[in-house]
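Start counting at 1 in the sequence shown, then tack on 840, and there's your number in the working numbering.
Built from N, CA and C at the ideal position, the CB exists for glycine as well.
What follows is a single structure, written as structure tokens, with notes after it.
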Amino acid sequence: MIVEVLAVGTELLLGHTVNTNAATIGSKLADVGLDLQYSSVIGDDHDRMVAALQLAMSRAEAVIVTGGLGPTQDDITREAISAATDRPLRFSDEYAARLQRWWESRGREMPESNLKQAEHPDGAILLDNPKGTAPALQLETGDVVIFALPGVPAELEILLDMYVVPLLAERAGEGVVVSRVIRTYGESESRIGELLADLYVEKSN
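Structure follows, in structure tokens:
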């Protein structure tokens, strides 16, 4: 199964935030033999996000989008997925009520903007997020499944473990990606490359 990851957030492009989520996703996918072929970072721009999503859907069987699920104006992942898949946004009264209860349980008044987190592209499944208010999304479109996950690393990791990796592993069947790190000293990179050239050619064929 070919998987592509799109990390959303201008802060990632500017270097204000390190994209540790890419390493987390890559490692977890490799553990179950899933083929992560592309990983990209896109700023908070609607048109560029739509273009990136459509490109990803054209060459992958699963697309994992991280970030942009918060309640602020620059959180536009839902809107971008809606546009890229030609699915109108819907509003979940059930999830809105859940958001209200979440805030009330903490003795705080919910900002009106948080209701944005109850929106989702038509046909998407809202996946429970035990560590935050933004649900993850799962959407089937043609032969591609799209997952949208919060960018907060603690939330992303638990949602990967709960939903994304098990579902993709089940679809792909058993497998594993094996890699080995070999450390060398005393020789230049170019000389090591020459010594291992036959292995590289064999792997490429």
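DSSP-derived helix/strand/coil call for residue i
i	result
Thr981	strand
Tyr878	strand
Val1021	coil
Pro993	helix
His856	coil
Glu1029	helix
Leu929	strand
Leu846	strand
Glu901	coil
Thr906	strand
Glu949	coil
Ile916	coil
Leu893	helix
Pro975	coil
Selection from the options that minimises the alpha carbon distance to residue i
i	options	result
Lys868	Leu1036, Pro1006, Arg1011, Ser1030	Pro1006
Gln1081	Arg1023, Val903, Glu1029	Outside the displayed range of the chain (841 to 1045) lies residue 1081, so it cannot be described from this structure.
Val1004	Asn859, Thr857, Thr864	Thr864
Val984	Ala862, Val872, Leu893, Arg888	Leu893
Met1002	Ser1028, Leu852, Lys971, Ala891	Lys971
Ile986	Ser945, Ala862, Gln913, Thr925	Thr925
Val872	Glu1029, Thr1024, Arg1011	Arg1011
Gly908	Gly1033, Ile882, Glu997, Ala937	Ile882
Thr860	Glu997, Ser1028, Met841, Ala896	Glu997
Close beta carbons around residue i, own chain, < 8 Å, minus the five adjacent residues each side
i	result
Glu959	Arg918, Leu929, Arg930, Phe931, Ser932
Ile965	Leu977, Gln978, Leu979
Asn954	Pro911, Leu939, Trp943, Thr973
His886	Ile916, Glu919, Ala920, Ala923
Where residue i falls, given that 16 or more other Cβ within 10 Å makes a residue buried
i	result
Lys956	buried
Gly910	buried
Gly947	exposed
Ala976	buried
Asp915	buried
Gly982	exposed
Val905	buried
Ala896	buried
Ala900	buried
6 Å Cβ shell around residue i - same chain, five flanking residues per side excluded
i	result
Ser922	Leu929, Pro961
Leu854	none
Thr857	Glu851
Asp884	Thr850, Asp914
Ala1009	Val872
Chain-order list of residues whose beta-carbon lies under 7 Å from that of residue i (same chain, five-residue window excluded)
i	result
Asn969	Pro975, Ala976, Pro990, Glu995, Leu999
Ala862	Val845, Ala847, Ser879
Sufficient close CB pairs (3 or more, under 8 Å) joining the segment 933-943 to the segment 983-998: Result no; under three Cβ-Cβ pairs closer than 8 Å.
The segment 845-854 touching the segment 876-888, judged by at least three CB pairs closer than 8 Å: Touching, yes, given that three or more Cβ pairs across the two stretches are closer than 8 Å.
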